[in-house]
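Only one structure is covered here, and it is reproduced in the block below.
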Amino acid sequence: MINKDLLTILACPVCKSDLEFIEIKENQYLKCLKCNLYYPIKEDIPILLEDEALKEEDVKRG
25 MINKDLLTIL
35 ACPVCKSDLE
45 FIEIKENQYL
55 KCLKCNLYYP
65 IKEDIPILLE
75 DEALKEEDVK
85 RG
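Numbering of the sequence shown is given in the numbering used here, commencing with residue 25 and proceeding in unit increments.
Structure (structure tokens):
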């Protein structure tokens with residue numbers, strides 16, 4: 025789980041919108057509320073790189 029204070033500071037690197045914490049099938053992500061891109065969290069570190077972003081259908085497919 026990501027720190028809530030940190031979550032209020034972070035923004036989507038693509039559109040600069042807010043992010044929300046999502047957990048799907050034991051994987052953790054930060055999801056952009058505007059462009060719906062998912063950024064993986066690896067070893068408690070959010071990977072906020074556009075090249076690492078996943079689309080919703082890719083995340084849900086597994």
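Ideal placement from N, C-alpha and C gives every residue a C-beta, glycine not left out.
Considering Cα atoms alone, identify which of K49, Y62, D82 is closest to L43. Y62
Go through the region 26-70 residue by residue and report every complete run of the alpha helix (DSSP H) that reaches 4 residues or more, in order.
Qualifying alpha helix (DSSP H) stretches, in chain order: 28-33.
Tell me whether L73 is buried or exposed, calling it buried when 16 or more other Cβ atoms sit within 10 Å of its Cβ. exposed
Provide the residue(s) that pair with L78 in DSSP beta bridges, ordered along the chain.
Y62
Selected residue, minimal CA-CA separation from N27, among D68, P37, K40: D68
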